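S.K.:
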Amino acid sequence: MPWLVVALFAPALSAFGSYLDKYLLVHQKRTGGIGSVILFSCFFGVLILPVAFLLGGNIFSVTLLEAIILIANGCLTVATLAAYLYAIRDSNIVSVVPILQTIPVFGFVLGYFVLGETLGLYQIVGSVIIILCAILLSFEIEENIKVRFRKRDFFLALLSSFLFAVSGVVFKAIAIDRGYWVTQFWEYLGIGLIGVILFLLLASYRHSFLSVLRNRRIGVVGLNFSTEAVMVSSDLLLNFATLLAPIALVYSVNAFQPAFLVGYGLIGLLLAPRFMNQLAFVRRHIVIKILTIAIMIIGALIIYS
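Residue numbering for the sequence shown follows the UniProt record's numbering, beginning at 1 and increasing consecutively.
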């Protein structure tokens with residue numbers, strides 16, 4: 001199935017991009033931290049506008065209301081990114097990112113109310129499995145056997161998942177009639193606009209962004225743009241896949257993201273162990289994490305068995 005191939009590339013890219021994001025946050029004194037990452041993301045998105053304009057045909061085929069909704073949806077995309085970045089800033093990335101696999105669950109619920117999709121027994125069972133595994137992965141077992149629940153990071157990741165699902169449903173609802181690139185144009189216009197607003201209103205974001213540029217940190221700028229190229233490519237592929245198959249089905253493929261995440265992490269431990277330690281890739285309990293992730297993937301498969 002072509003859609004499955006397209007959809008699988010999205011979690012593969014986003015898992016790799018997650019490590020790049022974590023690196024930028026770990027070295028925030030040089031990279032500018034969250035504010036800089038968000039603004040780079042917004043301004044990089046502006047580069048998509050001419051591409052969408054050329055490939056989309058008549059971008060003004062949307063109604064005024066649709067344009068406003070899509071621009072707002074672009075702003076929602078930035079809010080999704082912000083919640084995700086704050087969740088992974090102080091936490092083990094392997095424990096946080098799998099929580100984003102609740103996106104299919106939110107997709108089912110939103111699909112039911114917005115798109116008229118219904119839930120069967122297998123879908124409910126699979127969704128419950130994914131949620132329970134996400135909660136399990138949000139616990140960290142310390143060396144003194146104490147179990148710590150990172151409540152703030154868990155709910156930030158959960159919020160990011162919900163906003164992501166909302167954004168995807170809105171995108172598909174309009175893209176079905178207006179076309180892929182036309183819809184992307186107005187969404188990325190919203191992403192660019194919210195970037196300008198954040199730059200003007202939030203001094204901390206503005207200063208961190210400008211400090212990177214003023215100090216001519218070419219390597220940091222290049223890494224930011226490389227990260228955004230990976231994440232934007234993932235977003236474009238995932239959105240395209242939603243037009244080839246039911247949105248909840250495509251989102252369930254995201255359950256493979258933590259598998260890519262752990263796979264990249266294990267390869268990184270072999271090739272650059274010091275680098276992976278800086279990114280808080282926890283060596284302890286890795287077998288438990290892998291088994292839990294495997295169960296999450298099984299849950300996603302049950303949804304569409």
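Idealized CB from N, CA, C, for every residue including glycine. Model, not experiment: these values are computed from the prediction.
Could you pull out every unbroken alpha helix (DSSP H) segment of at least 4 residues lying fully inside the UniProt domain "EamA" (4-138), listed in chain order?
M.R.: Taking 4 residues as the shortest admissible run, the UniProt domain "EamA" (4-138) contains the following complete alpha helix (DSSP H) segments, listed from N- to C-terminal end: 28-31, 33-45, 48-55, 64-89, 93-96, 103-110, 121-137.
S.K.: Determine the contact status of Leu158 and Ala134, defining contact as a CB-CB distance below 9 Å.
M.R.: yes
S.K.: Closer than 8 Å is the cut-off here; do at least three beta carbon pairs connect the segment 252-262 with the segment 286-302?
M.R.: Here the segment 252-262 lies against the segment 286-302, with 3 or more beta-carbon pairs under 8 Å apart.
S.K.: Between the alpha carbons of Ala52 and Gln184, how many angstroms are there, rounded?
M.R.: Near 7 Å, if we compare the C-alpha coordinates of Gln184 and Ala52.
S.K.: Within 10 angstroms of its Cβ, does Pro11 collect 16 or more other Cβ (buried), or is it exposed?
M.R.: So Pro11 counts as buried.
S.K.: Kindly indicate if chain D contains any beta-carbon less than 9 Å away from that of Ile218.
M.R.: Note that chain D does not occur in the displayed structure, where there is just one protein chain.
S.K.: CB-CB under 7 Å to Gly33, same chain, minus the five flanking residues each way: which ones, in chain order?
M.R.: Leu25, Ser208
S.K.: Are the Cβ atoms of Val114 and Val169 separated by less than 9 Å?
M.R.: yes
S.K.: Helix, strand or coil: which one does DSSP assign to Pro258?
M.R.: helix
S.K.: For Leu301, name the three-state secondary structure that DSSP assigns.
M.R.: helix
S.K.: Is DSSP giving Arg214 helix, strand or coil here?
M.R.: helix
S.K.: So what does DSSP say about Ala245, is it helix, strand or coil?
M.R.: coil
S.K.: Please report the distance separating the alpha-carbon of Ala15 from that of Ile197.
M.R.: About 29 Å.
S.K.: Using a Cβ distance threshold of 8 Å, determine whether the segment 39-55 contacts the segment 241-248, with at least three qualifying pairs required.
M.R.: no
S.K.: Tell me whether Arg150 sits in a helix, a strand or coil according to DSSP, three-state version.
M.R.: Correct three-state label for Arg150: coil.
S.K.: Keeping to the same chain, check which residues put their C-beta closer than 8 Å to that of Ile194; ignore five residues upstream and five downstream.
M.R.: Cys42, Gly74, Cys75, Val78
S.K.: Is Gly179 helix, strand or coil by DSSP?
M.R.: coil
S.K.: If you reduce the DSSP assignment to three classes, tell me which class Leu236 lands in.
M.R.: In this structure, Leu236 counts as helix in the three-state DSSP scheme.
S.K.: Drop a sphere of 10 angstroms on the beta-carbon of Thr80, count the other beta-carbons inside from all chains shown, and report buried for 16 or more, exposed for fewer.
M.R.: buried
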